[in-house]
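Mapping of the first sequence onto our numbering: residues 311 to 824, in sequence order.
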Amino acid sequence: MRQDAWRHKFMTESPDISNQVRVRFAPSPTGYLHVGNVRTALFNWLFARHHNGTFILRIEDTDAERSAAKYERQLLDDLEWLGLDWDEGVGRDGSCGPYRQSDRYAVYQQYARRLLDEDKAFRCFCSEEELEKVRREQLARKETPRYSGKCRNLAPAEVEARIRSGAPFTLRLRVRPGTVGFSDLVFGRIEIEAAQISDPVLLRSDKSPTYNFCCVVDDLMMKISHVIRGDGHLSNTHRQILIYEALGARAPQFAHLSTILGPDGQKLSKRHGATSVEEFRRQGYLPEALVNYLALLGWSPPAEGQEILSAEEIIRLFDLERVQKNPAIFDNAKLDWMNRTYINKTPGRALVDRARGFFIGAGLIPDSPDPAIDDWLARVIDLVKTHVDHLDQLPGEADIVYGFESDPPQIGAEALEILQEPEAQAVAREFARLVEEKGNLSPETYRELAAQVKEATGRKGRNLFHPIRAALTGRGSGPELEKLIPLYEEGSRLNLPRKVMSCRERLRAVLGSL
RNA sequence: GUCCCCAUCGUCUAGACGGCCUAGGACACCGCGCUUUCAAUGCGGCAACACGGGUUCGAAUCCCGUUGGGGACGCCA
């Protein structure tokens with residue numbers, strides 16, 4: 311997508327905005343952190359870091375019904391896990407607090423009072439039922455549902471009387487005539503007729519503030535320079551700009567991000583599989599892979615051909631100008647590829663801590679730390695990690711080094727087929743005999759013994775190595791034997807909850823069951 | 001119904017000023033090589049400018065329309 315000329319103009323002609331950039335991520339703690347929201351958080355963070363600005367975390371918990379403390383905790387935890395650190399906000403210091411909307415009610419009341427005093431807002435005595443009824447009628451007549459403006463111009467005496475009688479009322483913004491517009495940093499100039507907007511409710515009848523009002527007041531007080539958020543808010547923006555105007559304030563810059571969709575082109579939801587950070591974490595995705603993938607969803611680096619980028623590189627390259635308007639479809643296959651790439655370039659040593667939980671959960675290593683086991687595990691991980699998309703698949707792959715489940719041992723069909731052949735079995739038995747003599751195996755002795763078997767049986771190449779592999783591992787394929795063998799031998803000497811058999815034990819078990 | 005937004009391979013995308021685009025890269029898929037096997041890896045292949053009109057010597061790129069998709073129209077956020 312080519313960017314609009316004015317955008318280019320704006321981005322290049324604007325003076326250095328460094329140090330003035332203040333952005334915020336403002337989630338509501340009403341559920342688990344969704345990848346769509348993570349991307350919003352990520353883009354805010356990248357923009358802040360790129361411009362040496364400030365990244366603020368604000369919690370929008372004005373929906374008392376649905377907000378919960380456990381979601382807020384999870385939220386902070388998820389952001390930290392992803393490495394999206396914030397400079398001001400909940401859980402941090404900051405001069406523009408409090409950063410939880412439920413702690414800011416007094417502020418909203420003040421601003422509301424001001425708007426009322428200046429006649430920029432008015433009291434509306436219509437009941438919810440009444441309004442709902444009108445809306446339904448309008449919809450039935452295929453008309454645009456809109457507030458009638460019934461209470462817009464009530465006589466002051468009338469208003470006084472109703473207040474005295476204790477009638478409940480909401481506070482609505484008096485929307486002015488004319489057009490409202492703004493230049494979105496992603497979408498460009500968007501203008502509409504103000505008349506399309508019904509006088510928005512600022513304060514509910516219970517005096518609690520509404521989202522649009524809080525949002526404006528907070529962004530104003532927190533000196534937000536750029537509002538980067540989901541494109542669902544595109545139509546809220548005009549409403550909010552009207553509120554900024556009424557408050558006599560200058561609105562910040564806006565940048566709206568397109569939605570992330572599922573493979574079927576519908577909004578990403580539960581039925582598309584994992585959608586929350588929590589789930590990705592549990593499946594063993596690496597945060598750096600998730601961050602890298604999400605950054606590429608709707609944004610692209612200026613240079614082609616390099617997609618594996620560290621957070622530092624992305625920060626350096628990030629630019630709102632290169633953000634796509636189209637909604638992007640979340641592609642699990644590509645995320646898996648990216649995660650695999652990160653897993654493979656991370657040494658086993660560094661993976662141990664992150665994978666430990668999965669191995670403990672599978673009953674493969676003890677719960678208590680043991681350096682010898684860690685060391686061995688690191689090598690097991692290095693050996694099998696080329697096969698996995700995410701860390702939770704590691705224990706399954708590590709099965710290759712653990713003991714056979716049952717007696718008789720579980721031998722794969724492929725291995726069984728190989729060993730059924732008399733000559734192949736002879737190779738395996740000769741190899742086993744030599745191992746019995748030697749006691750245990752090392753990569754060197756393995757090579758020696760293989761050479762001896764070759765001489766004794768006259769078999770070579772795959773006819774030699776296949777039977778040995780089958781007898782040793784019970785499978786027809788797998789990692790290199792030279793690397794596997796020391797792990798068998800060393801594993802058998804470790805104190806593991808599930809036994810690892812030595813080479814000799816494995817050969818006995820397999821050949822004994824034939 | 002009214003308003004707003006979007007539209008390049010199956011997916012993510014490159015594409016500023018219209019010519020360098022017989023449209024490039026990545027994922028996925030297919031084939032080949034390497035390897036005692038599998039995986040990894042290397043190389044190669046398949047595959048797109050939604051449609052219709054303009055403007056222009058020339059359009060993926062500019063304009064209009066059509067179609068398709070998304071969003072908003074709350075005392076939700």
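Ideal placement from N, C-alpha and C gives every residue a C-beta, glycine not left out. None of these values were measured; they are calculated from a predicted model.
When you compare only the Cα positions, how much space is there between residue i and residue j?
i      : j      : result
Gly476 : Gly459 : 21 Å
Leu343 : Ala613 : 31 Å
Ala688 : Thr547 : 52 Å
Glu790 : His566 : 51 Å
Gln419 : Val537 : 23 Å
Arg334 : His543 : 15 Å
Ile473 : Pro466 : 11 Å
Cys813 : Arg592 : 34 Å
Glu598 : Gln735 : 48 Å
Pro907 : Lys764 : For the chain, the structure presents residues 311 to 824; residue 907 sits outside this window and is missing.
Ser568 : Ala378 : 27 Å
Pro562 : Lys380 : 32 Å
Pro718 : His700 : 32 Å
Gly722 : Glu799 : 22 Å
Thr372 : Gln448 : 29 Å
Leu571 : Arg539 : 16 Å
Lys655 : Lys695 : 10 Å
Gly706 : Val690 : 12 Å
Arg803 : Leu797 : 10 Å
Leu817 : Gln576 : 54 Å
Gly788 : Asp528 : 58 Å
Arg349 : Ile366 : 15 Å
Val345 : Pro339 : 14 Å
Ile502 : Thr454 : 15 Å
Gln720 : Ala682 : 28 Å
Ser716 : Leu821 : 14 Å
Ser437 : Phe640 : 43 Å
Cys461 : Ala504 : 18 Å
Gly615 : Gly658 : 27 Å
Glu792 : Arg666 : 25 Å
Gln330 : Ile534 : 9 Å
Asp702 : Glu747 : 39 Å
Assuming the contact rule is C-beta atoms closer than 8 Å, residue i and residue j should be a hit. Round their C-beta distance to whole Å, please.
i      : j      : result
Leu604 : Leu352 : 5 Å
Asp677 : Ile670 : 6 Å
Ile553 : Asn522 : 7 Å
Val490 : Ile551 : 6 Å
Phe714 : Ala819 : 6 Å
Leu596 : Ile653 : 7 Å
Leu392 : Val601 : 6 Å
Thr767 : Val737 : 5 Å
Ala708 : Leu674 : 6 Å
Ile625 : Arg359 : 4 Å
What is the residue span of the alpha helix (DSSP H) that residue i lies within?
i      : result
His360 : Val345 to His360
Leu367 : Leu367 -> not in any alpha helix (DSSP H); beta strand (DSSP E) instead, spanning Thr364 to Leu367.
Ala599 : Pro597 to Ala605
Gln550 : Leu544 to Ala556
Ile625 : Ala621 to Leu627
Gly706 : Leu704 to Glu707
Gln735 : Pro732 to Lys748
Phe669 : Gly658 to Gly671
Lys793 : Leu791 to Ser802
Asp685 : Pro681 to Val694
Ala825 : Since the displayed the chain opens at 311 and closes at 824, residue 825 lies outside it and no answer follows.
Lys764 : Pro753 to Thr767
Ala374 : Element bounds for Ala374: n/a, residue is neither H nor E.
Per DSSP, what are the beta-bridge partners of residue i in this structure?
i      : result
His566 : Arg539
Pro827 : The chain is shown only over 311 to 824; residue 827 falls outside these bounds and no answer can be derived.
Thr783 : DSSP lists no partner for Thr783.
Ser291 : In this structure the chain extends from 311 to 824, so residue 291 is not present and cannot be described.
Leu851 : Since the first residue shown for the chain is 311 and the last is 824, residue 851 is missing from the structure and cannot be characterised.
Ala431 : Leu483
Ile500 : Phe492
Trp609 : Val633
Leu513 : Leu481 and Pro519
Leu571 : Lys577 and Ile639
Gly399 : Leu367
Please report the residue range of the beta strand (DSSP E) in which residue i lies.
i      : result
Arg332 : Arg332 to Phe335
Thr520 : Premise fails: Thr520 is in no beta strand (DSSP E) and is neither H nor E.
Validate contact between the region 393-405 and the region 431-446 using beta carbons, cut 8 Å, 3 pairs: The region 393-405 is not in contact with the region 431-446.
Three CB pairs or more closer than 8 Å across the region 804-820 and the region 743-753: Touching, yes, given that three or more Cβ pairs across the two stretches are closer than 8 Å.
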